[in-house]
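Below you'll find the structure, written out as structure tokens, and then a few comments.
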Amino acid sequence: MPKLLFARPPADTDEERKIRKLAGSRHAPGDWIMRAKMIVASWDGERTSVIAAQLGCHMQTVRERLVRFNAEGVDGLGDLPGAGRKRRITERERGRIIALARSDPPGRPVRDDAGGLAAADEHGPPQWTLNSLTEAAQAEGIDVHRSQVRRILLAEKVRWRHTRSWVHSEDPDFAPKGRRSSSSTPIRRSGPR
Numbered sequence: 251m252p253k254l255l256f257a258r259p260p261a262d263t264d265e266e267r268k269i270r271k272l273a274g275s276r277h278a279p280g281d282w283i284m285r286a287k288m289i290v291a292s293w294d295g296e297r298t299s300v301i302a303a304q305l306g307c308h309m310q311t312v313r314e315r316l317v318r319f320n321a322e323g324v325d326g327l328g329d330l331p332g333a334g335r336k337r338r339i340t341e342r343e344r345g346r347i348i349a350l351a352r353s354d355p356p357g358r359p360v361r362d363d364a365g366g367l368a369a370a371d372e373h374g375p376p377q378w379t380l381n382s383l384t385e386a387a388q389a390e391g392i393d394v395h396r397s398q399v400r401r402i403l404l405a406e407k408v409r410w411r412h413t414r415s416w417v418h419s420e421d422p423d424f425a426p427k428g429r430r431s432s433s434s435t436p437i438r439r440s441g442p443r
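The structure is reproduced here in structure tokens:
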């Protein structure tokens, strides 16, 4: 024969007021409302089988929630921390990787006042790649791999790929291609005719 289980009496009037208000709420999370209804019904003297029938759940669910409420109080109405693998790097480390991708690479040449090109670090990468970002993050003490850097940057929508340097030139002799040189190429007009 299972032992009769009831919710412990409220610790104070504030706890009772919170749980009764939550049980009657229409805008709180549904799982919290249902769990609060279990506690209120138990305070009203209902047995676990009756509470389960009223709320459309299993008796064991009601028992587990009553035991958890008895041990933790109002905090016992919430969910336990989720299952799954915990993050290996902290939010601060993720932010540092994102800041690295948004910063200028140390090997990128910059024009000085005299018009010459000079890089802050001659041996550093001129553009960020996943490999160079991973190496820079590891140099700062962040234990991260290339695939993880890619996932972080894609999730945050941070661009680490930049346009190639040969696309732009400050050489006056450089002339970008204009329109097609062949007269046989038809020109598509936009808009109504």
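First residue of the sequence shown? That's 251 in this note's numbering, and the numbers climb one at a time after it. The C-beta atom is built at its ideal place from N, Cα and C for all residues, glycine as well.
I need the DSSP call for residue i, collapsed to helix, strand or coil.
i: residue 358; result: coil
i: residue 311; result: helix
i: residue 256; result: coil
i: residue 283; result: helix
i: residue 276; result: coil
i: residue 299; result: helix
i: residue 393; result: coil
i: residue 325; result: helix
i: residue 262; result: coil
i: residue 387; result: helix
i: residue 292; result: helix
i: residue 349; result: helix
i: residue 305; result: helix
i: residue 317; result: helix
i: residue 267; result: helix
Along the chain, where does the beta strand (DSSP E) that runs through residue i open and close?
i: residue 368; result: 367 to 369
Taking residue i as part of the alpha helix (DSSP H), name the residues at either end of that continuous run.
i: residue 339; result: Careful: residue 339 lies outside any alpha helix (DSSP H) and carries neither H nor E.
i: residue 399; result: 396 to 405
i: residue 379; result: From DSSP, residue 379 is part of no alpha helix (DSSP H); its letter is neither H nor E.
Once you ignore the five residues that flank residue i on each side, which residues in its own chain have a CB closer than 8 Å to its CB?
i: residue 265; result: 323, 324
i: residue 257; result: 288, 289, 292, 293, 316, 319, 320
i: residue 308; result: 302
Might you give, ordered along the chain, the residues of its own chain that have their beta carbon closer than 7 Å to the beta carbon of residue i, omitting 5 neighbours on each side?
i: residue 267; result: none
i: residue 279; result: none
i: residue 361; result: 367
i: residue 386; result: 350
Might you give, ordered along the chain, the residues of its own chain that have their beta carbon closer than 6 Å to the beta carbon of residue i, omitting 5 neighbours on each side?
i: residue 407; result: none
i: residue 261; result: none
i: residue 380; result: 396, 399, 400
Our contact map puts residue i next to residue j with C-beta atoms below 8 Å; I'd like the distance itself, whole angstroms only.
i: residue 255; j: residue 298; result: 6 Å
i: residue 286; j: residue 327; result: 6 Å
Between residue i and the ligand HEM, is the CB less than 7 Å from at least one heavy atom?
i: residue 377; result: Ligands displayed in this structure: none; no statement on the ligand HEM is therefore possible.
Three CB pairs or more closer than 8 Å across the region 374 to 388 and the region 348 to 363: The answer is yes - the region 348 to 363 touches the region 374 to 388, with three or more Cβ pairs under 8 Å.
Three or more C-beta pairs below 8 Å linking the region 390 to 403 and the region 327 to 345: Contact between the region 390 to 403 and the region 327 to 345 is present, because at least three Cβ pairs lie under 8 Å.
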